[in-house]
Structures are given as C-alpha cells and as structure tokens.
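Going line by line, the protein sequences match chains Y and U. For the first sequence, numbering that gives the first Met the number 0 assigns the number 0 to the initial residue and increments by one for each residue that follows. For the second sequence, numbering that gives the first Met the number 0 assigns the number 0 to the initial residue and increments by one for each residue that follows.
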Amino acid sequence: MRSIRAAAVGAVTLSLALAATACGGGSSTGGASGDSPKTLTYWASNQGASVAVDKKVLQPELDKFEKQTGIKVKLEVVPWSDLLNRILTATTSGQGPDVLNIGNTWSASLQATGALLPWDEQNFAKIGGRDRFVESALGSTGVQGKDPAAVPLYSMAYALYYNKKIFADAGIGKPPATWDELIADGKKIKARGKSVLGAEGANLSENIHHVFVFAKQHGADFFTADGKPDFTAPKVVEAVKSYVDLMAKDKVVPAGDAEYAQNQSVSDFAKGRQAMLLWQSAAANLKSQGMSEDAYGIAPVPVRSGTPGQGTQVNSMVAGINIAVFKNTHNLDGAAKFVKFMTSDAEQKILNTAYSTVPPVRSAQDDPAFGAPDTAVLKNTLATSAAALPQVPSESQFETTVGTAVKELFADAAAGRAVTTDSVRAKLEKAQQQMPAA
Amino acid sequence: MTTTALKEPVRETSPGAARAPRRRAGRIRRLSLPYLLLLPALLLELLVHLVPMAIGIVMSFKELTQFYIRDWSTAPWSGLDNYRVSVDFDAPVGKALLQSFGVTVGFTLLSVGLCWLIGTAAAVFMQDAFRGRGLLRALFLVPYALPVYAAVITWVFMFQHDNGLVNHVLHDQLHLTGEPSFWLIGDNSFYALLTVSVWKGWPFAFLIVTAGLQNIPRELYEAAALDGAGTWQQIRRITLPSLRAVNQVLVLVLFLWTFNDFNTPYVLFGKAAPEAADLISVHIYQSSFVTWNFGTGSAMSVLLLLFLLVVTGGYLLLTSRGRRTADA
C-alpha cells in the first residue's frame, strides 16, 4: 500500500514538474540573451569553407575583444541552410542571441518582424557614425526611409571566374563582356570537350541573385515602386527566360547543373572541368579546393551590350553579410561595443581578408590589402554596377517562391521539355500568387 | 447517569466511527489512485498534443505573417480567409495544395502496399528455421534502425545525376536508359521518393508480421498439411486470416507515418520539393515556414487533420465491423 501511495505521489510530482518546466521552458532556458553584462552570444553565418574554419578565424578576434572590454563572446557558427529558420525561431520565442549575422537580402524581411534593433542616429553614433559605411552596402540594411535593421559587415559581388588554360586551349583571348560573346565562346569551349558555365539550378537563393540581375539588365523589376510583387511583367518573364535559356536554348550551362544546390558548380570549376563560373567572392573557396590563384582570371559578369555600369548595365546584386543586434538583448551596451569592434578598421581588414570579401567600411576598403586585381573587380562592381535586391518585407518569400519557379524551369530544361514564354509566365504567376498579401 | 448514558454510546461508537472515515478515505484513495496514475499521461497529452493543436486552430483564423510572429496573439483575425485560400482550387495556392494532396495519396497507397507486401513476404519466407536466419533477420532490420537523416543523405548521393550509383547501374552498366536520368528533380523524383520510403518502411512491416506469425499455432499448419493444403492455401487460409488483427494496426500505422512523412522528402529534396514529389507535409511546411504565411499553413494543417480523422475513423469502423462479423 505504501509503495502504491509513493508511486502515486511520485507520478503527480513528476507531472507537475513536467508541467512547470514545459510552461517555463520558453522563458528560463536558452540562456542566449546573456543576463550578465559580461557575456554576449554571437551567431555568425558560415563564411569559410566549413564551420571549423570560421571558428578558427573568429575565435582569436573574439578573444581580442574580451581582452579589450572584459566581455566574453560565446560564438556559434550557423550554417546557411539553418540560419533563417534559427532566426525565425528566435524571433518567435524571444530567445535569440545578442548579436547575429544576417544575409543582407533578408534585412527588410527581418526588419518587419520587429525583432532587430533599429540603427537610428544615436545607435550609429556608438559605432562611429553612418558615414563610415559605403552607400551601396547601406542599401541592403532595411526598407528605405526606415532606420536600418542591421549594419554591413562583409560585402561581396558577383564576378565571372574563368579558367585561363581552357580559354587558351580554345583560342579565346579575353573573357566575354556580353552574353552573346559568352555563348560564342561556349561553342569553342564545348568543341574542346569541356563544360562552359556552371550554375546551381536547385539553389533558390542563387537562382534569385541571377534572375534579379537579368531583370535589371532587361530594365525590369520584380516589385513595383510601392513594393507589390510584379513577377509576370513581360520584361521580367523575358529576363527569367533568358537566364534559364543559358541551359535550355544556348546550352552553355550543362543539364546536370539543374540539380546542383551544394556548390557543386564551384567544385567543377576548381577541378578544371568547367571553363567559367559566376560566383561571389570565390577566391577563398577555390583555394580551399586546391585551385591555384594563377589558374583562373576574374572579370566582370557579362552584360547584354557594352560595358557594366548603372541602369540596365547592372551585373551583380549587392551581396553581403550584415551584423544585427537582437532587440531584447540584456546587454545593449556590450552588443554595441561588439558591433563597433567588428566594424573597426583593424577587424574589417583581418576578417575581410580571411573571407576574401570586400570591407563595407570606407576607410578599410582603401587599405592596400584590398588592391589585388580580383578584389579590385569586386570593389569596382560594388561601386558602379551592383544593385541591392528589393528591400521589401516579403523579400524572403520572394527568394523562395521565384527561386522555386526557376528551379522547376531548370528541371524542365534538363528533362528536355521546352521552356517557353508561356511556361515561364505560368511558373512566375504561381510564384506571385503564393506571396503573402502585404 | 445521563453523562454515562451519553458517554456510553459515544464510547461504543467511537472506534467504529473512527474506522468508518478511515475506511472511506481508503476507498477514496483506492478509487482515485488510477486517476492519479493517469495524471502524468493526461498532462503530457495536454501539453504535447492538445494545447499546440488548439493554438494551431486559433492561428488558422489569423492573418499571421512576419509582421506578427514576435507575438502571434496580436495578429488580426481573418475569419475563414485562410481556409478559403486553401480550398480555392482554381487559384494557384489551392491548386498546388490539391495537387500535393493527390501526390501524397498516390504515394501513400503505393508505399504502404509495397511495404506490406515485401514485409509480409519476407516474414513468411523467414518463418521456417534455416541456417543464417538470425543474421538475415538482423540485416533486414538495418534500414529501420539507421538514423533517417544519414540513410536518406546516402540515397541523395546515389540518386545524383552525374556521379550517382543509380544512374551508373541503370545507364552505364545495364544500358536500360538512353540518357542518365534525373532523380532529384522533375517527374522521376516521385519514384526516387517511393524507393526510399519503401526501403525505409518495409522492415517495420516485416518486424510486426514476424511477431504476429509467432502467435499462430504450428498445429494448424500441420493439420492443414495433413488435409493436403499446399503452401499457398496455407498462407491464404491460415496465415492471412490469423494476421488480420496485426495487419489492421500495421496498415493504419504505416498509412499515418507515410502520409505525414516529412524527413524523407525534406532530406531528399530540400525545402522546395519537385512538383511530382511534393508531399503534403513538406508543402504545408513550405507554406508556413518558408513563405512565412503561418495562418494559411495552419489552415492547411487543420484540413489535413480533419481528413486523417475521417479516414482513420472510417477505417477503424470498417475493420472492427468486419472483425465483429467474423467473430460472430
């Protein structure tokens, strides 16, 4: 009898304990927002070849920060595939890190959730002022007319990487400046048995970056001036079709690339199987895969005619990583100090060199360390011919829906099905209907 | 006197009176004990299933987008809008949901059927003792024991267009296809998904049917053999009817697992599955978490829940009626 009573008491206690922990789970665990002013949690995006590489790059810098300020930074490097979901979960639960990296194209979407600290004049003053940053990088920090939701940390742009040996073997003297030239060069390259141009057909974000640039080159936009989706405008359809046509009609992108989503096209290029690659800041990645720096050249991404520049000669999106502060951090001062540290000239130089990116901080950008030819191309692109992705709250959904549409069109092309203006429009129409009403 | 007279009955009754409440208390305790023991399960059920379900239902009536996810309770009510969008089969969202539903139903029927067939055949085949049976049994259960993610990632490698084992065998070695096929994009993705699902699911059927077979008395088979029944007749007249109850649960569980399977398609295809393999669980995930349209996603979930309730209820009603008739 006693044992039964004990069991019952145990069971009830257990259930109450479970109930208590389950209810309190949201508020007591996590421990991310450090209550102690002497600690900070930092979610870094995966920039290097692996999470381990990132830890090796970042940890010495965080130790330096601790020495300077006495604030310990707990680092977590989050892979790209998880980052947006993790941020979303943190937003819902309120249990986020103190400081985090975001893909700069998500700025407006995350700004809309209200989870990130707005960077008004007062907050910018804490890190040396808004003027320290390059204007094009500031263009991807939130909706225009609102205080930015994040601060630029690393800047990137797309460039055309080409294999010097394959080009020489095919008798091509210089990298193509227009798409027509690229297609013409492609014939010569294919005749030598090599594949021409790499793409990541099943990677939604990659698809978006390219069709966005193609749309710009056609003088079109995916969103109207007041932020409404306009995916089926004739010029947008034409632009998306011309990108997919690189595989479907021009056959410069191999059909196999339709299922690539894990940077396989970078490996193909690094291994010398493929003549060209459109990528953002690929140097560190190519090096880690054993491709020597003299083996490839770097040139601006082709345009439709002439040379890259403003307007319809845009040849890259403004790519990059921003650093943001979670609004409900318990250590706002420490977080601001950390952002100041990460965007300081000295750290900008160290980190952007490690990741082969371009500093979005003016004074750091002028450093001779970023004067090498490949960085010069990226820097010049960012300064003269790059455009920021639409800074609208539904940007993240746009990446998914239109990115998926392009993935499906690539799948059609790979299977030998015709990609027509109508089929492109139908996919884009479906994408548009899936967008949430803003 | 009066005092004694008064006292006496008190003295007489007092032991009994004390015993009675104690007995009553004991009875209450005895009666409440089962409920006390059930309490943890009830509370957990409430916390794990009922509360989230209730929250999901509330969300399905709200316009829940990125503007409100920090505090979903502040999202404006949208009435039946989310449901209307979900079942408007002329518009892309509803059309895509209907298509995903169709794919899921076809996929589930095929997968469950094949899992059951292969599992049962293997179990019947393994019923008689032979050398190496234990080893073979253990091998059969490997897919069931492997972590889903690791197993499915291996399949992803095998299904790759350029370097995958599947194309290597089908195209390079057996010359069955003119061109190497795509398995992870386009229409073939359905067969890729089905293959992985059956590979992963049949060992469970095998395990359950094997357990069921242990309960069939050997004498039945001996008697049948004496009466001249062949193997096929024995399977039809003894094995399958005896497995009826086991199969009833097995098929239901397989159906629910397969219909709601999220891990397999998600690991195979990522967050944007090809249309031909767009299972409803990933479709709803995409509608809620990828396009941040949590209200519509919740409405779709509620519709799915209703469908599964109707199907499961109908199935249980049908099979239990069948059994009652059989028992009678």
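Ideal placement from N, C-alpha and C gives every residue a C-beta, glycine not left out. Every value quoted in this text rests on a predicted model; they were computed, and no experiment measured them.
Residue range of the unbroken beta strand (DSSP E) whose run includes residue i
i         : result
Tyr-153/Y : 150-155
Met-475/Y : One cannot answer for residue 475/Y here, as it falls past the ends of chain Y, which runs 0 to 437.
Glu-75/Y  : 71-77
Residue i at chain U interface by Cβ criterion, 8 Å
i         : result
Lys-55/Y  : no
Ala-232/Y : no
Ser-395/Y : yes
Thr-328/Y : no
Thr-104/Y : no
Thr-91/Y  : yes
Pro-435/Y : yes
Gly-255/Y : yes
Asn-84/Y  : yes
Gln-288/Y : no
Glu-428/Y : yes
C-beta neighbour in chain Y for residue i, strict 8 Å
i         : result
Phe-66/U  : yes
Trp-154/U : no
His-167/U : no
Phe-181/U : yes
His-48/U  : no
Ile-184/U : yes
Thr-290/U : yes
Ala-298/U : no
His-160/U : yes
Arg-236/U : no
Arg-83/U  : no
Thr-3/U   : Unreliable positioning characterises Thr-3/U in this predicted model, as indicated by a pLDDT of 43, which lies under 50. The coordinate reading is nonetheless provided below. So, not an interface residue.
Closest Cα partner of residue i within the set the options
i         : options                                    : result
Ala-128/U : Trp-231/U, Thr-209/U, Tyr-34/U             : Thr-209/U
Ala-298/U : Gly-313/U, Asn-262/U, His-282/U            : His-282/U
Val-50/Y  : Asp-168/Y, Leu-74/Y, Thr-38/Y              : Leu-74/Y
Gln-247/U : Ser-286/U, Thr-103/U, Ala-204/U            : Ala-204/U
Ala-111/Y : Ser-77/U, Glu-62/U, Phe-66/U               : Phe-66/U
Ser-393/Y : Asp-365/Y, Val-252/Y, Lys-227/Y            : Lys-227/Y
Asp-130/Y : Ser-362/Y, Glu-258/Y, Ser-422/Y            : Ser-362/Y
Ala-345/Y : Ala-43/Y, Trp-42/Y, Phe-64/Y               : Phe-64/Y
Val-92/U  : Thr-295/U, Val-252/U, Ala-224/U            : Thr-295/U
Tyr-259/Y : Val-195/Y, Arg-303/Y, Ala-201/Y, Met-155/Y : Ala-201/Y
Gln-433/Y : Ala-124/Y, Phe-397/Y, Leu-181/Y            : Phe-397/Y
Met-246/Y : Gly-197/Y, Lys-326/Y, Asn-45/Y             : Gly-197/Y
Glu-218/U : Lys-199/U, Cys-114/U, Thr-238/U, Arg-243/U : Thr-238/U
Simplified DSSP state of residue i, which is helix, strand or coil
i         : result
Gly-185/Y : helix
Ser-393/Y : coil
Gly-102/Y : strand
Phe-325/Y : strand
Ser-384/Y : coil
Trp-178/Y : helix
Gly-105/U : helix
Tyr-41/Y  : strand
Ile-165/Y : helix
Gly-319/Y : strand
Gly-227/U : coil
Pro-301/Y : coil
Val-142/Y : coil
Enclosing alpha helix (DSSP H) for residue i [first to last residue]
i         : result
Lys-440/Y : A question about residue 440/Y goes unanswered here, because the residues of chain Y that appear run from 0 up to 437.
Glu-134/Y : 134-137
Ser-194/Y : Here Ser-194/Y belongs to no alpha helix (DSSP H); instead the beta strand (DSSP E) covers 194-197.
Gly-133/U : 132-139
Glu-274/U : Glu-274/U -> no alpha helix (DSSP H), and no H or E assigned at all.
Trp-198/U : 188-213
Ser-264/Y : 263-269
Pro-233/Y : 233-247
Gly-55/U  : 50-58
Legend entry - Residues in the stretch 264-285 of chain U having any Cβ partner in chain Y nearer than 8 Å: If the cut-off is 8 Å between Cβ atoms, the stretch 264-285 of chain U has Gly-269, Lys-270, Ala-271, Pro-273, Glu-274, Gln-285 near chain Y.
Inset, instruction - Give the residues from the stretch 380-393 of chain Y that approach chain U closer than 7 Å (Cβ to any Cβ), ordered along the chain. - result: If the cut-off is 7 Å between Cβ atoms, the stretch 380-393 of chain Y has Pro-392 near chain U.
Legend entry - Chain-ordered residues of the stretch 45-79 of chain Y with a beta carbon less than 8 Å from chain U: Cβ contacts with chain U: none found.
Legend entry - Residues, ordered as in the chain, of the stretch 188-211 of chain Y that lie near chain U by beta-carbon distance below 8 Å: Residues passing the 8 Å Cβ filter: Gly-200, Ala-201, Leu-203.
Legend entry - Interface positions of the stretch 103-135 of chain Y facing chain U (Cβ-Cβ less than 7 Å), listed along the chain: Against chain U - using a Cβ distance shorter than 7 Å - the residues of the stretch 103-135 of chain Y are Ser-108, Ala-111, Thr-112, Gly-113, Ala-114.
Legend entry - Interface residues of the stretch 394-424 of chain Y facing chain U [CB-CB below 8 Å]: Those would be Ser-395, Gln-396, Thr-399, Thr-400, Gly-402, Thr-403, Lys-406, Glu-407, Phe-409, Ala-410, Asp-411, Ala-413, Ala-414, in chain order.
Legend entry - Contact set between the stretch 87-109 of chain U and chain Y, restricted to residues whose Cβ is under 9 Å from the partner: Listed by position, the residues of the stretch 87-109 of chain U near chain Y (Cβ gap below 9 Å) are Ala-90, Pro-91, Val-92, Lys-94, Ala-95.
Legend entry - Interface residues of the stretch 333-361 of chain Y facing chain U [CB-CB below 8 Å]: Residues passing the 8 Å Cβ filter: none.
Inset, instruction - Give, in chain order, every residue of the stretch 256-267 of chain Y whose Cβ lies closer than 7 Å to some Cβ of chain U. - result: Identification of residues in the stretch 256-267 of chain Y having a C-beta nearer than 7 Å to some C-beta of chain U yields Ala-257, Glu-258, Ala-260, given in sequence order.
Inset, instruction - Could you name the residues of the stretch 20-41 of chain U whose beta carbon sits closer than 7 Å to any beta carbon of chain Y, in the order they occur along the chain? - result: Against chain Y - using a Cβ distance shorter than 7 Å - the residues of the stretch 20-41 of chain U are Leu-32, Leu-35, Leu-36, Leu-38, Pro-39.
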